[in-house]
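J.: Going by my numbering, the sequence shown opens with residue 282, and the numbers climb by one from there. Below is a structure I'd like to ask you about.
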Amino acid sequence: MSGTTNEYQSSAGIKPLHLIWFFSFVNLAVLLIFNHGYGYFRDEFYYVACGEHLAWGYVDQPPLVALVAKLATTIFGKSVFALRILPAVACSATVFIAGLMIRELNGSKLAIIVGLTAVAFSPVLLGISGTFSMNSFDVLFCTLLLYFVILLINRSNDKYWIWIGVVAGIGLLNKISIFFIAFGIVSAFLFTRQRKQFSNKYMWIAAAIAFLIFLPHLIWQYVNGFPTLEFMRNATLFKNIAFSPLAFISEHLLDLHPASVILLLALISTLFTKRYKSFRVYAVIYLSVLILFLFTNAKPYYIAILDPMILAVGSVIFVNFLENNNKKWIVITIFIVNIPFYLATIPFALPVLEPEDYVAYGQFTGITPAAAERHEMGPLPQHFADRFGWEDLAKEVSEVYLSLPEHEREGVVVFGQNYGEAGAIDFFRDKYPLPPAISNHNNYWLWGYPEDKSDSVVIVIGSNLEDNSEFFYEVTEAATHYNKYGMPYENVGIFICRNPKRNLKVIWNDFKSFN
C-alpha cells in the first residue's frame with residue numbers, strides 16, 4: 282500500500298489526475314457561487330486594515346495574511362467577492378493536494394472519488410474558506426506539509442525534509458498551527474518505526490530552515506514585548522468557551538461531516554490491524570494533535586488543519602479494504618446515499634439561504650452550530666451574524682460626523698470598542714465621509730492615537746452614557762445602531778464625546794485590550 286507505482290493510473294478511461302482536478306474545480310465553484318452572501322465579515326475589515334500597516338507581526342497573527350490582504354485588495358479590489366477569491370482558491374488547492382495524497386498512497390479512483398467528495402464538501406473547510414482570513418491558508422499549508430511527510434515516508438527520500446522546512450516556515454508566518462502539526466509529526470515518529478528520522482541530518486536542517494524563515498516574526502514579538510502570548514492567554518481565560526472533551530469531539534465530528542466519520546474510523550483502525558500498519562503514523566499524528574487540543578482549551582475548528590489528511594488517508598484504507606474483500610458495491614452504495622447529506626450541510630457553512638430561511642432550516646434539521654466564544658447570540662450563528670450591519674454602522678457614524686460643526690470635524694476620530702467596529706469605519710472611508718478610526722483592541726492599540734488629531738471631540742461607538750462620562754465632560758448619544766441579524770453586542774449607541782477629563786494620548790497605554 283505504500284509503494285509509489287500506481288498501477289491504476291495506466292487503466293483506460295478517466296485518469297486519477299482528472300478526477301482530482303474535477304473535485305478541486307467543484308469545490309472552487311461552490312465557494313465562488315455562494316461565499317459572497319450576507320456581506321463583509323467582521324475580521325475581513327481588520328485584515329484589510331493590517332494590510333495598510335504592513336509589519337513583521339501583529340498582536341493576534343503573524344504577518345503573512347496582512348500581506349495577502351494587501352495583494353488581494355490591490356489586484357482584485359475590495360468587494361465582498363474580490364476579498365474571497367484567494368481563500369476559495371486556497372481551499373480548492375487543499376482539495377487538490379488531498380487528491381495527491383490519495384494517489385501517492387496508491388488509492389484507487391474510487392478512493393479518490395470518496396475521499397475528495399468528503400474534503401470538497403467538508404462543512405468546516407467550506408466555512409473557513411467562505412471569508413477572507415488566515416484559516417483557509419492555514420489548512421492549505423498544513424495539508425501541504427503533511428503531503429511532503431507522506432512523500433518522505435513513501436519514497437524514502439530524505440531531501441523531502443527540505444520542502445517540509447520551507448513549508449513549515451512559511452506556514453508559521455501565516456498562523457502558528459504549524460507548531461501543532463509539528464507536535465503531531467514528532468509524536469508519530471516517536472511511537473512508530475519512523476523514529477529513525479531523528480538521526481537524519483535533513484530533519485534538523487528542515488527545523489533550521491523553518492526557524493530562519495520564522496525568525497523575523499520572532500524578532501518583532503521580542504521588540505514588542507511578545508503581545509501574542511498576552512493575547513492568547515486573555516482569549517483562553519476570558520473569551521473562548523471551554524469545551525468538555527465530549528463536546529469538543531462532537532463538534533469536531535460535525536465539522537468533519539457525519540457522513541465522513543467512517544473515514545476517520547478507518548484511519549484509527551490502523552492502530553489495531555497489521556495489514557495497514559504502514560498508515561499508523563498518520564493515525565498517531567491525528568490522535569496526538571487531538572489530545573493536545575482537548576487539554577489546551579482549543580476551539581473545535583482548530584483541528585480542521587488535519588481534516589484533509591484524515592479524509593484522504595481514511596478513504597484509501599476504507600475503499601481498499603472493501604475492494605479487496607469484493608465489497609466494492611458497499612462503497613458505491615454508501616457514497617450515493619451520502620451525497621444528499623453532503624449537499625444538505627452546505628447552508629450551515631456558506632450563506633446559501635436567506636437569514637429567515639436559514640433559521641427555519643436549522644430548526645427543521647435540528648442542527649445548531651455551537652458557540653465558540655462567550656457572547657450572547659442572536660438568531661444566527663456567529664460566523665453568519667458577524668456579516669451583518671457593518672455598512673449601516675459606517676453610514677450612521679458618517680451621519681453623526683457630518684452633524685458636527687465644521688470646526689470640530691478636522692480633529693475628530695472614531696473610537697470602536699473592537700477591531701470590527703474600527704475596521705469597518707476605516708474600510709468604508711472610501712464610500713462615506715468618515716474620520717479615521719482608533720480602538721484599544723489588539724493591533725489597533727499598537728497603532729496608537731493619531732498624532733495629527735486632537736482629543737477634544739471623539740465619536741464613540743458603543744459603551745454607554747455612564748462609562749463614556751468617566752472620560753469626557755460632555756457626552757451625547759447621537760444615534761443608535763441596530764441590526765436584528767447581527768451579534769447582539771453590536772446593537773449599540775453612537776456617542777459624541779467632548780472635552781476629555783484626561784489627555785487621551787497620554788493615558789492611551791491604560792486602554793490596552795488584547796483578546
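Glycine is no exception: its CB is placed at the ideal position from the N, C-alpha and C atoms. Predicted, not measured: the structure shown is a model, and the values here were computed from it.
By alpha-carbon positions, which one of VAL594, GLY338, ALA463 ends up nearest to PHE422?
T.: Nearest C-alpha to PHE422: ALA463.
J.: Quick one: using the 10 Å Cβ neighbour count with 16 as the cut-off for buried, is PHE304 buried or exposed?
T.: Result: buried.
J.: Roughly how many angstroms separate the alpha carbons of THR285 and LEU386, rounded to a whole number?
T.: With a pLDDT of 41 at THR285, under the threshold of 50, the modelled position of that residue is not reliable, and the figure given next carries that caveat. Roughly 7 Å between the two C-alpha positions.
J.: Using DSSP with H/G/I as helix, E/B as strand and the rest coil, what is ASN287?
T.: Only weak support exists for where ASN287 lies, its pLDDT of 46 falling under 50; the coordinates are left without a value.
J.: Quickly, what does DSSP pair GLN342 with across the bridge? List them, please.
T.: Paired residue(s): TYR339.
J.: Restricting to Cα atoms, I'd like to know which of PRO714, ILE706, TYR557 is closest to TYR725.
T.: It is ILE706 whose Cα lies nearest to the Cα of TYR725.
J.: Buried or exposed: which applies to TRP610, given that a residue is buried once 16 or more other Cβ atoms fall within 10 Å of its Cβ?
T.: Under this definition TRP610 is an exposed residue.
J.: Please report the Cβ distance between SER569 and GLY465, rounded to the nearest whole angstrom; I am assuming they are in contact, meaning their Cβ atoms lie under 8 Å.
T.: That belief holds up - the Cβ atoms of SER569 and GLY465 are roughly 5 Å apart, short of 8 Å.
J.: Work out the CA separation of ASN435 and SER283 for me, nearest whole Å.
T.: Its pLDDT being 46, under 50, SER283 is placed unreliably by the model, and the measurement read from it follows with that caveat. Approximately 6 Å, taken between the alpha carbons.
J.: Considering Cα atoms alone, identify which of TYR766, GLY704, PHE709, LYS793 is closest to HIS334.
T.: That would be GLY704, whose Cα lies nearest to the Cα of HIS334.
J.: Can you tell which of ASN772, LEU345, ALA401, GLU751 has the C-alpha that lies nearest to the C-alpha of LYS782?
T.: Of ASN772, LEU345, ALA401, GLU751, the residue nearest in Cα terms is GLU751.
J.: For PRO526, I'd like the list of residues in its chain whose CB is within less than 6 Å of its CB, leaving aside the five on either flank, ordered along the chain.
T.: Correct list, in chain order: LEU575.
J.: So, with DSSP's three-state summary, where would you put PRO781?
T.: In this structure, PRO781 counts as strand in the three-state DSSP scheme.
J.: As a quick exercise: from VAL430, TYR428, PHE362, PHE495, pick the residue whose alpha carbon is nearest that of ILE457.
T.: Nearest C-alpha to ILE457: PHE495.
J.: Specify, as a first and last residue, the run of the alpha helix (DSSP H) that ILE443 falls within.
T.: Looking at the DSSP string, the run of the alpha helix (DSSP H) that includes ILE443 is 441-453.
J.: Using a Cβ-Cβ distance under 8 Å, would PHE472 count as near chain B?
T.: The question asks about chain B, but that chain is absent: this structure has only one protein chain.
J.: Note down the Cα distance separating TYR289 from ALA347, rounded to an integer number of angstroms.
T.: Residue confidence is low: TYR289 scores 41 on pLDDT, short of 50, so the model does not pin down where it sits. Its coordinate-derived value is still stated next. So the alpha carbons of these two residues sit roughly 43 Å apart.
J.: Taking Cβ positions, are TYR251 and LYS676 nearer each other than 8 Å?
T.: The displayed coordinates of the chain run from 282 to 796. Any statement about residue 251 would go beyond what the structure contains.
J.: Skipping 5 residues on each side, what residues in its chain have a beta carbon closer than 6 Å to that of SER291?
T.: Since pLDDT at SER291 reaches only 42, below the 50 mark, its modelled position is unreliable, and the value read off the structure follows with that caveat. Contacts found: none.
J.: Use the C-beta contact count for SER684: other C-beta atoms within 10 angstroms, 16 or more gives buried, fewer gives exposed.
T.: Burial call: exposed.
J.: Residue range of the alpha helix (DSSP H) that ALA547 falls in?
T.: Per DSSP, ALA547 belongs to the alpha helix (DSSP H) from 542-550.
J.: Taking the beta carbon of GLN644 as the centre, do at least 16 other beta carbons fall within 10 Å, making it buried, or is it exposed?
T.: Exposed is the call here.
J.: Would you kindly work out how many angstroms separate the C-alpha atoms of LYS608 and ALA392, rounded to a whole number?
T.: LYS608 and ALA392: Cα-Cα distance of roughly 13 Å.
J.: Work out the CA separation of TRP671 and HIS762 for me, nearest whole Å.
T.: Taking the straight line joining both Cα atoms gives about 10 Å.
J.: Opposite HIS722 in the DSSP bridges: which residues?
T.: Partner(s): SER794.
J.: Which value, in whole angstroms, describes the spacing of the CA atoms of ASP324 and GLU604?
T.: Going by the C-alpha atoms only, they are around 46 Å apart.
J.: Looking at ASN745: is its Cβ nearer than 8 Å to the Cβ of HIS722?
T.: In this structure, HIS722 does not lie closer than 8 Å to ASN745 by Cβ.
J.: Would DSSP call ASN578 helix, strand or coil?
T.: Of the three classes helix, strand and coil, the one that applies to ASN578 here is coil, per DSSP.
J.: Ordered along the chain, which non-local residues of its own chain (more than five positions away) have a Cβ less than 7 Å from that of TRP728?
T.: The residues are HIS334.
J.: Taking 8 Å as the threshold, find out whether the region 426-446 comes into contact with the region 403-415 through three or more Cβ pairs.
T.: Too few Cβ pairs lie closer than 8 Å, so no.
J.: What number of angstroms, rounded off, separates the C-alpha of THR517 from the C-alpha of THR577?
T.: Taking the straight line joining both Cα atoms gives about 9 Å.
J.: How should TYR583 be labelled, buried or exposed, when 16 other C-beta atoms within 10 angstroms of its C-beta is the threshold for buried?
T.: So TYR583 counts as buried.
J.: Where do the ends of the beta strand (DSSP E) carrying GLY697 lie?
T.: Where GLY697 is concerned, the enclosing beta strand (DSSP E) stretches over 694-697.
J.: Look at VAL565 and THR626 and say whether their C-beta atoms are less than 8 Å apart.
T.: It is not a contact, given that the beta carbons lie outside the stated cut-off.
J.: Quick one: what's ALA760 bridged to in DSSP?
T.: ILE775, per the DSSP bridge assignment.
J.: Helix, strand or coil, according to DSSP, for VAL633 in the structure here?
T.: Reduced to three states, the DSSP call for VAL633 is coil.
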